Structures are given as C-alpha cells and as structure tokens.
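Q: Before I ask anything, let me first share the structure, which is written out below as structure tokens.
Number of protein chains: 2
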Amino acid sequence: MSAITFEVEAEHQTARAGLLHTPHGDVHTPVLSPVATQATVKSLDPDELRGLGAEIVLANAYHLYLRPGADVVAHFGGLHRFMSWNGPLVTDSGGWQVFSLGFGLEHGVGKIASIFPDEDQPRQRPRGQKPRMTKIDDDGVTFTSHIDGSTHRFTPEVSIGIQEKLGADLILAFDECTSPLHDERYTAEALERTHCWAKRSIQARSRSDQALLGIVQGGPFEALRRESAQVIGSLGFDGFAIGGSLGRTKNDMRAILEWTIPALPAGLPRHLLGIGEPEDIFDAVERGIDMFDCVAPTRHARHGVLYTPDGRLMIHNARFHEDFTPIDPDCGCYTCTTFTRAYLRHLFIADELLGYRLATIHNLAFILGLVGRIRAGIMSGSLAEVRREFQAHWRAAPE
Amino acid sequence: MSAITFEVEAEHQTARAGLLHTPHGDVHTPVLSPVATQATVKSLDPDELRGLGAEIVLANAYHLYLRPGADVVAHFGGLHRFMSWNGPLVTDSGGWQVFSLGFGLEHGVGKIASIFPDEDQPRQRPRGQKPRMTKIDDDGVTFTSHIDGSTHRFTPEVSIGIQEKLGADLILAFDECTSPLHDERYTAEALERTHCWAKRSIQARSRSDQALLGIVQGGPFEALRRESAQVIGSLGFDGFAIGGSLGRTKNDMRAILEWTIPALPAGLPRHLLGIGEPEDIFDAVERGIDMFDCVAPTRHARHGVLYTPDGRLMIHNARFHEDFTPIDPDCGCYTCTTFTRAYLRHLFIADELLGYRLATIHNLAFILGLVGRIRAGIMSGSLAEVRREFQAHWRAAPE
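Going line by line, the protein sequences match chains A and B. The letter at position 174 of the first sequence is residue 174 when you use this note's numbering, and the numbering goes up by one with no holes. Offset between the second sequence (1-based) and this note's numbering: plus 1000.
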C-alpha cells in the first residue's frame, strides 16, 4: 500500500479528472509537470512556479545522479528540501536518458520521429553525429557521462536506489526506451528486458511513501504495446506511464494510447512521458491520460517561441520591434501584465537572461492554464466545447 | 531650473546624506544604482529590484541607441515605460563606451589600471587584442558597433538627443574618457575636448524634467583634475560625475576625489562613475560622493562570486558541495532565506539560469544593505563605527 492514493472525480467518455494525494500535497488531474531536469525549472524559482499554479514538478534521476550526486541530496533530506520545492515531485528513472544518449543519438530521433516526416525508411546516422554512448545488456546499461566521459552503470536496482535517495513522491521503474527506427524484433527483445526490469524495480523498492509507476513500452507495434500494457498493468504498480517512442506521427501516438490505456487498471493514475504540446494534451486526455511532463513550454520559451491562443509566435521576428502590446492581451501572467512584445524582443535580441525567464513564465502560464480549462471541461462535461474553442484559434504545428 | 532638486539632510565631516527629488520619486543618498546596461538589470525583474531596495537604476545610452534604438523607446513613451521601471533612472552618455571600445581596448585597461599592479610603464597592446574601434576628433567620435561592425557617430548633441528620447531623470554630458596609460599631454588635449563638449551638452539640452550632470575628467593628473572640477563646476550643471580612469591604484582614486570634490558646488549631487566595490564605497562616501553605479555586484554574481561579510566566496568551490548553510546566515534576502550554498553551487556547476539570478539577488541585497548602513551611519554620526565594524570582518581584495 502506497502513501499515494488516486481518486477519479469525474469522467467524460474516456477522459477523467482526478485527485492524487501525495505526502507533499494534492494534485488535480489532468496535470502537467514542468520539467526541472537538474532540480530547477530553468530560470524560475519555486515561488514563481507556485504562483503559476504548478502543482507537481518532474526532475531527473540520471542528471541528479551525475550532478550533484544522489547522496548529497539525500544528506540534505531529499530533493524537496534541496531545491526548496515543498510540493509533489516525480523523478524519472534514467531510462529515457539512456535512450537519448544511445539509440536516440545514433538514429538522430526524439520522442516522435516526425522530425523526418517525409521519410519512410530508417535514416542513417547523420554525418558528424556522435555514436551512442550506452551499452545495453540484460542486466542493465553501461553509459558514458555526457559531462566528463566517465563510465557509469544503471540497473533497475541502481535507479530505484537513486530515486529513493532523491525522495520524490512518484518514481518510475527503470526501462529500456526503443527508437522509432528499431524493427519489431529488436523492440520485442527490449520489451522483454523492460518487463523484467519492471519486476526488479518493484523488488528493489523499500520506501512506502513513494508511488512507483510502471512504464509501458513496445514502440509503434500494436501487439507489443498491448502485451506491455497487459504485463505492466498486472505487476502491482501504483500507477503507470506510457513511455518510449510514440511512433512517427501524432496519429501513431493516438493509436498507441488506444491500444494501451484500456488494458491498464482503471483506478490508477496514468502519465504520458515527455509529451505536452497543446494539441497533444487534448488527444491524450480524451484517451484517459492523467499526467504529463514536457520540456516544450520551457524550451520553446528559451528559444523565443511563445504560445498565444492562435499558435506560436517567434519573438525575434522584426515585426515585434515596435509592437507595444503584450504577448497575449488576455493572459494574466506577470509577463503579459507588465511587459510588451517590443521589450521582450529587445531582451532576446540582446541575449538578456530576463527574456528567457519572462518567456518561461508566460509559456507555463499558457499551458498550465490550458490544462486547467481541460480539467474544468471534464468536471462540467464540456470538454468537447473547450477543445472546439481552443482549436477555433489555434494553428497547430504540422504533424 | 531643473525638475530635480537635491537637499543635504546630514553631514559627517565631508560625508553627507541627502535626498534627491526626481519626477519618478525620491532617492536617499548615498545610493548605488544597479546597472541595467540594456534596459534590464541582468536576470532580475523590476519588482525584484524594488524588493531589494534599489531606488535608482542606470542604463546605457550607447547600448540602447544600438539596440533597440532610442526612437523605439521614445515611441513607447520613454525608458521607464519600456522597461517597466517606474522609479528614478539615470543614463550615461556613451563617453565611457567610446573609451572602452577605443583606448580601453587598445591599452587593455579598465576603470582602475590595477590589473597591471606591478608595472610602472604603459603596456603594449596584448597580442591578439583587437585594435580600437573608435576615432575621436574635436567635434565628436566615430565608432564601430560592437554588434555588427556598422559605423556610427556620437557628438554631444547626438548623445543628449538620445538621452532626451530615453527620458531618464538624470542624464550625463558627453565626454572623452582617457586611459590611465595616456600621458599628461594627451590627457590635457582630451580634457579640452571634454570641457568644450560639456558646454555643447548644456546647449543641446531641451528638457527641463531631466537633471544634466557634468563629468569631471583629467586622468590621474592633479592639475588637470583640479582644473576640470573648476571648469565643470562653473558651467551650471544640475550635478556632477567624476569620470574616467581613476588612476592605477585605489590610493589614486582617493587622491582624485580629494582634488576634485572640494572644487564642486556643495549643494549639488556628486556621482562616482563605475565604482561600487564595498571598500571603494566607504572611501568615496567619506570624501563626499552621493551616488554610485557599478556592474561589480551583478557581474560578480554571474561569475559565482558572492559577497559575504568577511569577503567574497567563489560558489564553484568544491568545499561548498555539501554546505547546507545559506551564503550569509545573517542576510535576509530571498536567496539566503530559501537556498543553501550546496544548491547554489549545483546550479552554477550545472550552468543553470536560476543560479545567476539568485546570486544577483544576494549580491545586490548585500551591497544595497551596506550603502543603507552607511547612510544610517552618516545620519546618526556613526559612519566611522559602521566602517570599523565592516572592516573587522571584510578581507578586501588586494589593491
């Protein structure tokens, strides 16, 4: 019995609104976790995060293991105290980093392989691309630090040990992510490892005040995804995450959610890993996802890509040189109520740190506000209207 | 008659505490202006600045002329609105930038030439150092943009015109800064230009809601500094700044203040340009300086150099790896009341933007707090005790 409990408050077709009780407070789902890879949501302090309505933050076991080290964090009483965030926290297990430094690097692909939308065939490693820095065997993964080239090894036991030292409210099983360019044979092999590591992750846990989420893998292959949801769903996890590559298009992502979610125990929370663009959130919530984490809002912000109700604007654009309106006149965030597009553009052109921060504040306000409206739509049975209203303005990025 | 007035509230030997009334509020002197070179105090927002007790901020006519352009700022109603800082502002005239891109670059020197403390002779331009990017004539300065290599020209009339468009409460005459490695003959020639440009700056002004400060130059030469204070002091400026290179050691700086300040009209404010390390502030206030600006607290912060009552600490240092105390346990700033040295070190080692900001908050809190104690010491006649107490702990940087 975990100290974390989940209750479904309202359902609307397969979408649902819930309440996740954790030792560090309640989380209203659907919810999006801003990403604090290195124990900081880049440029923001914890008070700003709270002010933006963030209820839970995701940090990274791999990065914190390398710097400053899990023991340092443990000696100070855990990650909440270390980063001065006293709300709920989730840590990922390092499986994704092992992928992105491994086959992700070798194959030149990310979460959804749509960076090569016109290609049907797996692509060769781009010229000049580094070879992968990981070696996977059935017991675990040996990898090279992206910081100093030193060699390290993660196993399910190591990952759970690190995550118990960090002490987040939700932790993740250690898994092997596959690349969208892997064939079915390799993906099936990797899936067997992931299922074996899932059992070992459960075996390795020793804390009852953390919820342990199992991760469903299986790449873009229907049979494997269905099998994985069945297996992972039966092991006694406190909740679930859908991980790994989500295919080559957003259609693939929707299919993967439809294959897997119905096979998972209904009363437990479901997290879609690494996804969080506005259009994806609707698709996923409608199919039963409760939780998201995504670097997009914060990463976009640092690149000057700002969310507005009708899409994204690039603040570097010359047309904002004398634009004395806010990013979004209807947005109530500090950035929009205090500064103009012209000033923000100036900060970005001049490479000023304040620009990254003000942009991050706005993008998080936008996406957290959207997730809040989605939740309200589920509670009131008007999710379809919320989506319609959003899409009436929003120009989605091309698939 | 300027809309800015200055009253001396208390005197303690040659030190004084005063009140500067500006169209955007009162400033309690002695005061230090955080530097907002590009219309932002790097990484901080205006609310944080106010929260830190900053009363006035210094921005830069040269940088804002290049980016985003004085007209853009003027079209939006001036710099206060553009950067959302509704308190008092001062802009410098561009004279210093002309120096630092010119002879400063060629001679490899800064504000105080103590970067070569052991050398008696002017030093050759270091190998690989860029040649200067400015050409000075009696009418003005032609310079090359450090951003895109385009050619521009500043004259006193251009500088005042830009500063009137920016609309700060205090603006500075256009001057020629000389290098500490210039000989007396060149410095005298440059001084003649500075005095001529001072008169032209006064002629060029058209706004009565800005105070125009004259700048005393003359390098390290007693006769020239005394002459400059006499001339600049007689031209009808609303206040004064001591500018240019302040010699080769901090002793030279003290001498320059003693030569010049007594020759300036007593009832007007005096600004020491570009100086603001703790030890310098005491020296200058004791000699009659009312206002400072300095990039040191904010620049140090971004390099991880943090002020503490007993000197400076380098937060990257390995000894802070597991140091779970604040930077300064007696400091009441957000950084010190919320985060540990270990966390700050982690942010710096991991190159996280939040680190620069938290360090900036602390360094400004430290230096503004010190200036506040100095002011209180003048008001209560206990400035000597304030200095004694400060120096009992502080390990000054070597001269």
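Just so it is clear, CB atoms sit at the ideal spot from N, CA and C, and this is done for glycine as well. Bear in mind that the values here come from a model prediction, so they are computed numbers and not experimental data.
When the distance is taken between beta carbons, is residue 1169/B closer than 8 Å to residue 1210/B?
A: For residue 1210/B and residue 1169/B, yes; Cβs fall inside 8 Å.
Q: Between which two residues does the alpha helix (DSSP H) harbouring residue 374/A extend?
A: 353–379 is the span of the alpha helix (DSSP H), which, as asked, contains residue 374/A.
Q: State the DSSP-derived secondary structure class of residue 1079/B, mapped to helix, strand or coil.
A: DSSP places residue 1079/B in helix when its eight states are reduced to three.
Q: Ignore the nearest five residues each way along the sequence and tell me which others in residue 400/A's own chain have a CB closer than 8 Å to its CB.
A: Any answer about residue 400/A is impossible in this case: the structure gives chain A only from 1 up to 399.
Q: Let me see if you follow: with CB-CB separation under 8 Å, is residue 1024/B close to chain A or not?
A: No, residue 1024/B lies away from the interface with chain A (no Cβ there is under 8 Å from its Cβ).
Q: Helix, strand or coil for residue 110/A per DSSP?
A: Residue 110/A: coil per DSSP, three-state reduction.
Q: Below 7 Å on C-beta distance, what does residue 45/A contact in chain B?
A: Going along chain B in sequence order, the residues near residue 45/A (Cβ under 7 Å) are 1354.
Q: Please tell me whether residue 1297/B has its Cβ less than 8 Å away from any Cβ of chain A.
A: No - not a single Cβ of chain A is within 8 Å of the one on residue 1297/B.
Q: So for residue 125/A, helix, strand or coil by DSSP?
A: For residue 125/A, the predicted structure reports a pLDDT of 43, less than 50, and the residue's modelled location is therefore unreliable. The matter cannot be settled from this model.
Q: Among 206/A, 309/A, 357/A, 257/A, which has the Cα closest to the Cα of residue 290/A?
A: It is 257/A whose Cα lies nearest to the Cα of residue 290/A.
Q: Can you grab the Cα-Cα spacing for the pair residue 1360/B / residue 93/A, in whole Å?
A: Their backbone Cα atoms lie some 33 Å apart in a straight line.
Q: Can you tell me which of 1167/B, 1033/B, 1284/B puts its alpha carbon nearest to the alpha carbon of residue 1013/B?
A: The residue with the shortest Cα to Cα distance from residue 1013/B is 1284/B.
Q: Considering only the beta carbon of each residue, do residue 1243/B and residue 1264/B sit closer than 8 Å?
A: Against a cut-off of 8 Å, the Cβ pair of residue 1264/B and residue 1243/B comes out as no contact.
Q: Going by alpha carbons, who is nearest to residue 366/A out of 316/A, 277/A, 302/A, 314/A?
A: The candidate whose alpha carbon is nearest that of residue 366/A is 277/A.
Q: Which term fits residue 23/A, buried or exposed, when burial requires 16 or more other beta carbons within 10 angstroms of its beta carbon?
A: With fewer than 16 other Cβ atoms within 10 Å, it is exposed.
Q: Only counting the same chain, and skipping five residues up and downstream in sequence, which positions put a Cβ closer than 6 Å to that of residue 1096/B?
A: Only 1177 meet the Cβ criterion.
Q: Using a Cβ-Cβ cut-off of 8 Å, state whether residue 1321/B counts as contacting chain A.
A: Answer yes: the Cβ-Cβ gap between residue 1321/B and chain A drops below 8 Å somewhere.
Q: Excluding the 5 residues preceding and the 5 following residue 7/A in the sequence, name in chain order all residues of the same chain whose CB lies nearer than 7 Å to its CB.
A: Excluding positions up to five away in sequence, the list reads 18, 19.
Q: Taking the alpha helix (DSSP H) that residue 1063/B falls in, what are its first and last residues?
A: Element bounds for residue 1063/B: 1061–1066.
Q: So which of 140/A, 103/A, 144/A has the shortest CA-CA distance to residue 183/A?
A: When each option's Cα is compared against that of residue 183/A, the closest is 103/A.
Q: Can you pull the chain B neighbours of residue 83/A, defined as C-beta to C-beta under 8 Å?
A: Within 8 Å Cβ-Cβ: 1343.
Q: Starting from the C-beta of residue 37/A, find all residues in its chain whose C-beta is less than 6 Å away, skip the five residues before and the five after it, and write them out in chain order.
A: Only 60, 63 meet the Cβ criterion.
Q: Nearest-angstrom Cα distance between residue 1319/B and residue 1325/B?
A: Approximately 12 Å between the Cα atoms of the pair.
Q: Provide the residue(s) that pair with residue 73/A in DSSP beta bridges, ordered along the chain.
A: None, per the DSSP bridge assignment.
Q: Okay, do the segment 71–85 of chain A and the segment 44–52 of chain A touch, 3+ Cβ pairs below 8 Å being the bar?
A: Taking 8 Å as the limit for Cβ pairs, the verdict is that the segment 44–52 of chain A does touch the segment 71–85 of chain A.
Q: Name the chain B residues that come within less than 7 Å of residue 350/A, Cβ to Cβ?
A: Neighbours of residue 350/A on chain B, chain order: 1038, 1067.
Q: If you pair each beta-carbon of the segment 1236–1255 of chain B with each one of the segment 1267–1274 of chain B, do three or more pairs fall below 8 Å?
A: Verdict: yes, contact present.
Q: Skipping 5 residues on each side, what residues in its chain have a beta carbon closer than 6 Å to that of residue 1117/B?
A: Because residue 1117/B carries a pLDDT of 35, less than 50, the predicted location of this residue cannot be relied on, and the following value inherits that uncertainty. Within the same chain, residue 1117/B has no close Cβ partners at all.
Q: Grab me the residues of residue 88/A's own chain with a C-beta within less than 7 Å of its C-beta, minus the 5 sequence neighbours each way, in chain order.
A: Result list for residue 88/A: 22, 24, 25, 27, 55, 56, 169, in chain order.
Q: Below 8 Å on C-beta distance, what does residue 1050/B contact in chain A?
A: Chain A residues near residue 1050/B: none, gap ~12 Å exceeds 8 Å.
Q: Among the candidates 4/A, 52/A, 5/A, 222/A, whose CA atom is the shortest distance from the CA of residue 331/A?
A: The residue with the shortest Cα to Cα distance from residue 331/A is 52/A.
Q: State the CB to CB distance for the pair residue 1260/B and residue 1219/B, rounded to an integer number of angstroms; the pair is presumed to be in contact (CB under 8 Å).
A: Wrong, their Cβ atoms sit about 12 Å apart, outside the cutoff.
Q: Measuring alpha carbon to alpha carbon, tell me which of 31/A, 213/A, 329/A, 155/A ends up nearest residue 193/A.
A: Closest by alpha carbon: 155/A.
Q: Give, in chain order, every residue of the segment 1325–1341 of chain B whose Cβ lies closer than 8 Å to some Cβ of chain A.
A: So the close ones are 1334, 1338, 1339, 1340.
Q: Considering only C-alpha positions, which residue in the set 9/A, 29/A, 4/A is nearest to residue 372/A?
A: Ranking the options by Cα distance to residue 372/A, first place goes to 29/A.
Q: For residue 199/A, would you say it is in contact with chain B, using Cβ-to-Cβ distances shorter than 8 Å as the test?
A: Cβ-Cβ to chain B under 8 Å: no for residue 199/A.
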